[in-house]
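First to last, the protein sequences are chains A and B.
Residue numbers are given in our numbering: position 25 of the first sequence equals residue 24, and the series is strictly consecutive.
Residue numbers are given in our numbering: position 37 of the second sequence equals residue 40, and the series is strictly consecutive.
No residue lacks a Cβ here, since even glycine has one placed at the ideal position from N, Cα and C.
Note that the structure is predicted; figures quoted are calculated from it, not measured.
What follows is a set of notes on a single structure, which appears directly below.
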Amino acid sequence: MSTTSLYILMCSGEHEKIQMAAMAAAVAAVSERPVEVFISMNAVKFFQKNPAGNRYSGGEFSKLLLDKKAPDPIDLFKQGKMLGELKLYACSMAMDVAGLELDDFVDDLIDSAGGLTKFLSDAETGQLVVF
Amino acid sequence: MVAKTTIDMRGAFCPGPLMELIANLKLVEIGDEIEVLSTDKGSAMDIPEWVKKVKHETVSIEQIGDIWHIVVKKMK
Chain A
0 MSTTSLYILM
10 CSGEHEKIQM
20 AAMAAAVAAV
30 SERPVEVFIS
40 MNAVKFFQKN
50 PAGNRYSGGE
60 FSKLLLDKKA
70 PDPIDLFKQG
80 KMLGELKLYA
90 CSMAMDVAGL
100 ELDDFVDDLI
110 DSAGGLTKFL
120 SDAETGQLVV
130 F
Chain B
4 MVAKTTIDMR
14 GAFCPGPLME
24 LIANLKLVEI
34 GDEIEVLSTD
44 KGSAMDIPEW
54 VKKVKHETVS
64 IEQIGDIWHI
74 VVKKMK
């Protein structure tokens, strides 16, 4: 595939930012663009099966997204994986700090734990965006 | 004979109608058409753009009242 790959680095747990990252990842993947997502810092909490507290933390726009029933970010990532070339990696450092294992994440979503060095190295060949 | 199916995505927000179209395109034969009903203006712009990029065909796009009718033909 000749299209430049898209690399998405997620560190915020804010619903709005995760929504935007999920939209970008899903749309790029279904547009025949390979996508890799690296999930770190507070963003890892969003993807837990049983997050402590509210999964959808954020401001006014988070409420609007929920009220209007915008597509759920987890569903968007799953659709992107199913319909395109999309891989998600959970930051091993953030997992260690938060005491998380791969089994703690939503099923059929995270491909593996990963390191930042490898992700950034891979991202040199594509376009990197941060949420 | 060309088969035509309709998917009703009225009330769904971007990129819901596009994702549903793509999922349905996997299920039909080359040459078949899918009509997407959408109330999302962004999708009315985005769906033809995606269709062009991945080399399917936008057969027609029409706004009737608040509803967009976007007909896409599977080309590959």
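DSSP lists B:Val74 as the bridge partner or partners of Ser63 (chain B). For Glu15 (chain A), not one C-beta of chain B is nearer than 7 angstroms to its own C-beta. Using a 10 angstroms sphere on the CB of Lys58 (chain B), the tally of other CB atoms stays under 16, which defines it as exposed.
Contact annotation for Ile10 (chain B) against chain A: no contact, minimum CB-CB distance about 14 angstroms [criterion: below 7 angstroms].
DSSP links Ser56 (chain A) through a beta bridge to A:Glu13.
Here the C-alpha atom of Glu60 (chain B) lies approximately 24 angstroms from the C-alpha atom of Gly68 (chain B). In the three-state scheme derived from DSSP, where H, G and I count as helix and E and B as strand, Thr116 (chain A) is classed as helix.
Neighbours of Ala25 (chain A) in chain B, taken as residues at a C-beta separation under 8 angstroms, are given in chain order as Pro18, Met22.
The C-beta of Ile70 (chain B) has fewer than 16 other C-beta atoms within 10 Å across all chains shown, which makes the residue exposed. Phe76 (chain A) and Leu115 (chain A) do not touch by the CB rule: their CB atoms are close to 20 angstroms apart, not below 8 angstroms. The beta carbons of Ile25 (chain B) and Leu82 (chain A) sit about 5 angstroms from each other, so the pair counts as a contact at 8 angstroms. Counting of Cβ neighbours within 10 angstroms places Ser41 (chain B) among the buried residues, the total reaching 16 or more.
It is roughly 27 angstroms from the alpha-carbon of Ser120 (chain A) to the alpha-carbon of Asp103 (chain A). Taking a 10 Å sphere around the C-beta of Arg32 (chain A), we find 16 or more other C-beta atoms and assign the residue as buried. Residue-level contact by beta carbon fails for Ile64 (chain B) and chain A, as no gap is shorter than 7 angstroms. For a Cβ distance threshold of 9 angstroms, nothing in chain A lies close to Val5 (chain B): the least Cβ distance comes to about 23 angstroms.
Any Cβ of chain B closer than 7 angstroms to the Cβ of Gln47 (chain A) would place that residue at the interface, and such an atom is absent. Within the same chain, Cβ atoms closer than 7 angstroms to the Cβ of Ala25 (chain A) are found at Leu75, Phe76, Gln78, Gly79, the five residues on either side in sequence being excluded. Short of 6 angstroms from the beta carbon of Cys17 (chain B), and not among the five residues preceding or following it, lie these beta carbons of its own chain, in chain order: Asp43, Gly45, Ser46. The residue from A:Lys67, A:Leu87, A:Ser91 with its alpha-carbon nearest to that of Val34 (chain A) is A:Leu87. Arg54 (chain A) and Val5 (chain B) have their C-alpha atoms some 45 angstroms from each other.
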